[in-house]
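Written below as structure tokens is the structure these notes are about.
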Amino acid sequence: MVEEEAKSLPLELREKGGVENNGFVQNEAFDDKETDIGSQEETPKTYVVGVDPGAMEELVLKPYAGMPKEVLLKFSSQARYRVTREILFWLIIIATVVLVGATIAIIALSPKCLDWWQSGPIYQIYPRSFKDSDMDGNGDLKGIQEKLDHITDLNIKTIWITSFYKSPLKDLGYGAEDFYDIDPMFGSMTDFENLLADIHDRGLKLIMDLIPNHTSDQHEWFQLSRNRTGKYTDYYIWQDCGQAAGSVTAPNNWVSVFGNSSWQFDDVRKQCYFHQFGKEQPDLNFRSLAVQEEIDDIIKFWLNKGVDGFSFSAVKFLLEATHLRDEPQVNKSQNPESITAYSQLYHDYTVTQVGMHDIIRSFRYTMDDFSTEPGRYRFMGAGGDEEEDIEATMMYYGTTFIEESDFPFNFNLINMKNLSGNSIFEAVDLWMKNMPSGEWPNWAVGSPNTARISSRVGKEYVNVINMLLLTLPGTAITYYGEEIGMENIASENVSEERINSDLVTFPEKSPMQWNGEVNAGFTEGNSTWLPVNSDYQSVNVEIQTTLSNSTLNLYRELTSLRTNELPMYRGWMCYIWNDSDVFVYVRELDGLERVFMMVLNFGQESTIDLKAIVPSLPSEATIRLSTNFSNTGKAVNTELITTAMGEGLVLEYKTTKPVHAMEAFQENCFVAEKACYSSAFNLLYMNC
59 MVEEEAKSLP
69 LELREKGGVE
79 NNGFVQNEAF
89 DDKETDIGSQ
99 EETPKTYVVG
109 VDPGAMEELV
119 LKPYAGMPKE
129 VLLKFSSQAR
139 YRVTREILFW
149 LIIIATVVLV
159 GATIAIIALS
169 PKCLDWWQSG
179 PIYQIYPRSF
189 KDSDMDGNGD
199 LKGIQEKLDH
209 ITDLNIKTIW
219 ITSFYKSPLK
229 DLGYGAEDFY
239 DIDPMFGSMT
249 DFENLLADIH
259 DRGLKLIMDL
269 IPNHTSDQHE
279 WFQLSRNRTG
289 KYTDYYIWQD
299 CGQAAGSVTA
309 PNNWVSVFGN
319 SSWQFDDVRK
329 QCYFHQFGKE
339 QPDLNFRSLA
349 VQEEIDDIIK
359 FWLNKGVDGF
369 SFSAVKFLLE
379 ATHLRDEPQV
389 NKSQNPESIT
399 AYSQLYHDYT
409 VTQVGMHDII
419 RSFRYTMDDF
429 STEPGRYRFM
439 GAGGDEEEDI
449 EATMMYYGTT
459 FIEESDFPFN
469 FNLINMKNLS
479 GNSIFEAVDL
489 WMKNMPSGEW
499 PNWAVGSPNT
509 ARISSRVGKE
519 YVNVINMLLL
529 TLPGTAITYY
539 GEEIGMENIA
549 SENVSEERIN
559 SDLVTFPEKS
569 PMQWNGEVNA
579 GFTEGNSTWL
589 PVNSDYQSVN
599 VEIQTTLSNS
609 TLNLYRELTS
619 LRTNELPMYR
629 GWMCYIWNDS
639 DVFVYVRELD
649 GLERVFMMVL
659 NFGQESTIDL
669 KAIVPSLPSE
679 ATIRLSTNFS
689 NTGKAVNTEL
699 ITTAMGEGLV
709 LEYKTTKPVH
719 AMEAFQENCF
729 VAEKACYSSA
739 FNLLYMNC
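Going by my numbering, the sequence shown opens with residue 59, and the numbers climb by one from there.
Following this line, the structure appears as structure tokens:
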């Protein structure tokens with residue numbers, strides 16, 4: 059029995075300063091032992107006992123928790139542990155390779171993300187008319203900052219503020235006296251910096267106007283040039299004028315955009331200077347490298363401030379022919395002496411001259427230098443307004459190898475002579491069919507230089523035109539006030555004094571109508587620089603916010619739809635039908651069964667059988683949005699869709715047969731940034 063117990067003991071027992079167990083020895087002896095221990099050297103003692111070899115092997119080979127490194131290494135070399143470890147190692151390697159490969163594949167197959175200037179509407183503000191913060195009757199930069207909540211509520215991504223440089227305000231500020239300063243009417247540079255910071259804090263972007271073609275005649279450069287001072291001598295276009303019988307004869311028959319000769323005699327320099335616009339706005343000489351460098355420095359100054367982009371306006375006027383020949387007359391039989399209107403000449407020598415696009419490209423290079431930081435792309439828009447020459451307009455996109463503007467501003471929907479389903483189709487089709495492949499379209503239905511929608515085509519069409527604007531592919535541009543259906547101010551609203559001062563010539567620039575209080579909430583002062591429209595008590599932001607079927611709330615619903623639905627965001631557009639009354643098109647995305655069809659009425663009441671035009675259409679569709687809010691959510695028969703005058707419908711349905719894949723419609727389908735949807739992975743990819 060004792061022998062068996064001994065076998066169960068460990069192989070070695072060590073005594074290190076231990077106390078001997080003496081069984082029943084008397085306590086005195088035990089105490090003596092304790093006393094002696096402290097003085098003795100602690101020398102371990104080894105005792106060898108008999109152990110069963112089989113039991114020893116079993117104990118030694120079993121791993122246990124807390125094994126020291128030496129014991130662990132003995133087990134790690136065994137096959138069952140080594141193989142397991144190698145399997146885990148290669149699984150990790152394979153998983154890593156698969157993950158990296160999948161990431162590369164997703165990046166390679168993913169379509170280009172839309173940039174900030176593509177992902178939402180642009181809201182254009184004429185600052186003098188938006189909001190007055192200091193009660194002087196003129197809108198200002200602080201006023202814009204006060205109303206940023208309104209802009210964000212519209213789901214707007216970008217704000218475009220027209221010219222606010224220091225200026226004598228001839229032609230409403232489009233001739234700058236100082237490109238590096240803010241006109242005191244609009245505030246200070248600090249006000250601008252605060253506004254810009256607030257815009258960026260809200261995740262918005264800011265675009266500024268820049269008209270490089272001319273300056274004010276009060277600009278320091280012009281004052282130095284008229285006195286022939288140094289390099290400024292040739293900053294403007296000067297020519298000797300003929301003189302006979304005390305009168306001045308212009309160098310040629312060139313006519314200003316505003317009418318009459320584009321040459322003005324200067325008493326200081328005793329020469330004529332050239333002006334494409336008003337005589338207070340002399341044209342810069344862009345054949346001078348020094349002038350080009352000056353404009354480049356101006357661009358850099360504002361980009362360094364943090365501005366996100368520029369709208370370069372009137373760029374087709376940058377160069378003129380140096381030979382100064384007379385421009386051809388439209389009516390060759392007209393007496394040359396009677397020519398005073400811009401429309402009476404073909405402007406072969408004063409617009410879109412050779413070298414003009416090189417200058418625009420130089421602007422692009424400067425913008426690109428500031429676009430290297432991630433997320434800080436600088437937008438460039440160009441306003442040539444080649445109203446009758448679509449090919450000339452498309453040149454502002456640049457070429458495959460040399461980029462110019464991100465897009466030239468599209469005024470086709472503004473320049474229409476009449477309103478109908480056919481005319482809308484023609485305006486849209488003209489742009490889409492001529493736009494270079496891979497470029498991005500844009501659409502504007504209002505501007506500071508054209509009548510408002512309601513005044514141009516009628517109040518009943520305001521909502522359907524906004525629906526068109528916000529459901530077409532590309533970037534929508536909204537002029538302030540169009541989101542509530544503002545009208546031009548009528549002449550009867552204007553005093554005789556203001557009529558004589560020519561302020562009535564800007565009826566589309568009337569103050570923004572914020573509420574039904576005095577002066578429409580535009581100012582707390584006693585007067586406004588232009589009169590407020592007389593309809594301000596019923597047409598204003600405050601009241602339309604409370605009405606579910608208002609123009610404002612429809613605008614918000616449309617921008618929300620555009621933001622949240624992939625087919626509206628970046629899908630195909632295909633024309634389905636157009637006639638004198640309606641224009642019908644679809645927005646769809648490869649891989650997504652959900653399709654949106656717009657049925658927009660720009661004429662009289664109309665009934666149309668869409669299933670006869672597209673047989674694969676389902677028999678029913680749901681009204682996702684309507685200009686008549688009471689119809690939203692209803693089902694309609696696609697064989698019998700009726701729209702009233704000025705009514706617009708956004709229909710939603712599901713199909714596995716997209717229109718753009720049908721041979722009959724392929725000539726009528728367009729996509730700018732192609733993308734396909736994978737429902738399995740819930741992501742977009744390129745190669746459909």
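Built from N, CA and C at the ideal position, the CB exists for glycine as well. Note that this is a predicted model, so its numbers are computed, not measured.
Taking a C-beta distance under 8 Å as the contact criterion, Phe335 and Ser314 qualify as a contact pair. Judged by DSSP in its simplified three-state form, Lys517 adopts helix. In this chain, the beta strand (DSSP E) harbouring Asn659 covers Arg652 to Asn659. With three or more CB-CB distances shorter than 8 Å, the segment 299 to 318 counts as touching the segment 395 to 406. Beta-bridge partners assigned by DSSP to Ala679: Val694. If you draw a straight line from the Cα of Lys363 to the Cα of Trp174, it is about 19 Å long. Under DSSP, Asn636 takes part in a beta bridge, and its partners are Phe641.
Pairing Asn343 with Tyr290 gives a Cβ-Cβ distance that is not under 8 Å.
DSSP, reduced to helix, strand and coil, places Lys132 within a helical segment of the structure shown.
Asp194 has its alpha-carbon roughly 23 Å from the corresponding atom of Asp236. Between Asp637 and Asn476 a beta carbon distance of about 14 Å is seen, past the 8 Å cut, so the two are scored as non-contacting.
Partner residues in the beta bridge of His272, as assigned by DSSP, are Asp341. Beta-bridge annotation (DSSP): Ala502 is paired with Ile535. Secondary structure remark: continuous alpha helix (DSSP H) runs of at least 4 residues inside the segment 238 to 310, in chain order: 247 to 259 and 278 to 284. Ser305 and Pro506 have their alpha carbons spaced roughly 37 Å apart. Gly441: member of the beta strand (DSSP E) spanning Phe437 to Gly441, first to last residue. At a Cβ-Cβ threshold of 8 Å, Tyr711 and Asp648 do not count as neighbours. Leu212 and Val576 have their C-alpha atoms spaced approximately 25 Å apart. A distance of 8 Å or more separates the beta carbons of Ile547 and Trp501. Ser512 counts as buried, since at least 16 other C-beta atoms from the protein chains shown sit within 10 angstroms of its C-beta. Look at Pro466 here: in three-state DSSP terms it is strand. Between Gly661 and Lys491, the alpha-carbon positions lie close to 24 Å from each other. The Cβ atoms of Ile202 and Pro179 do not sit closer than 8 Å to each other. Excluding sequence positions up to five before and after Ile523, its CB lies within less than 6 Å of the CB of Val503 and Ile511, all in the same chain and listed in chain order. Using a Cβ-Cβ distance cut-off of 8 Å, the segment 418 to 435 and the segment 465 to 476 are not in contact, since fewer than three pairs of beta carbons, one from each stretch, lie closer than that value. Between Leu668 and Ile699, the C-beta spacing is below 8 Å. Ser420 sits in a helix when the DSSP states are folded into three classes. If only uninterrupted alpha helix (DSSP H) runs of at least 4 residues are considered, those enclosed by the segment 135 to 220 are 137 to 167, 199 to 204 and 206 to 211.
With a beta-carbon spacing of about 14 Å, Gly496 and Ser463 fall beyond the 8 Å limit used to define contacts.
Ranked by Cα distance from Asn573, the first of Val599, Ile165 and Leu130 is Val599. For Tyr735, the enclosing beta strand (DSSP E) covers residues Cys734 to Ser736. His381 counts as exposed, since fewer than 16 other beta carbons sit within 10 angstroms of its beta carbon. Going by beta carbons, Ser274 and Glu338 fall inside the 8 Å limit. Taking 8 Å as the upper bound for CB-CB distance, Met656 and Val708 are in contact here, some 6 Å apart. At a Cβ-Cβ threshold of 8 Å, Thr690 and Glu705 do not count as neighbours. DSSP places Val590 outside any alpha helix (DSSP H), giving it a letter other than H or E.
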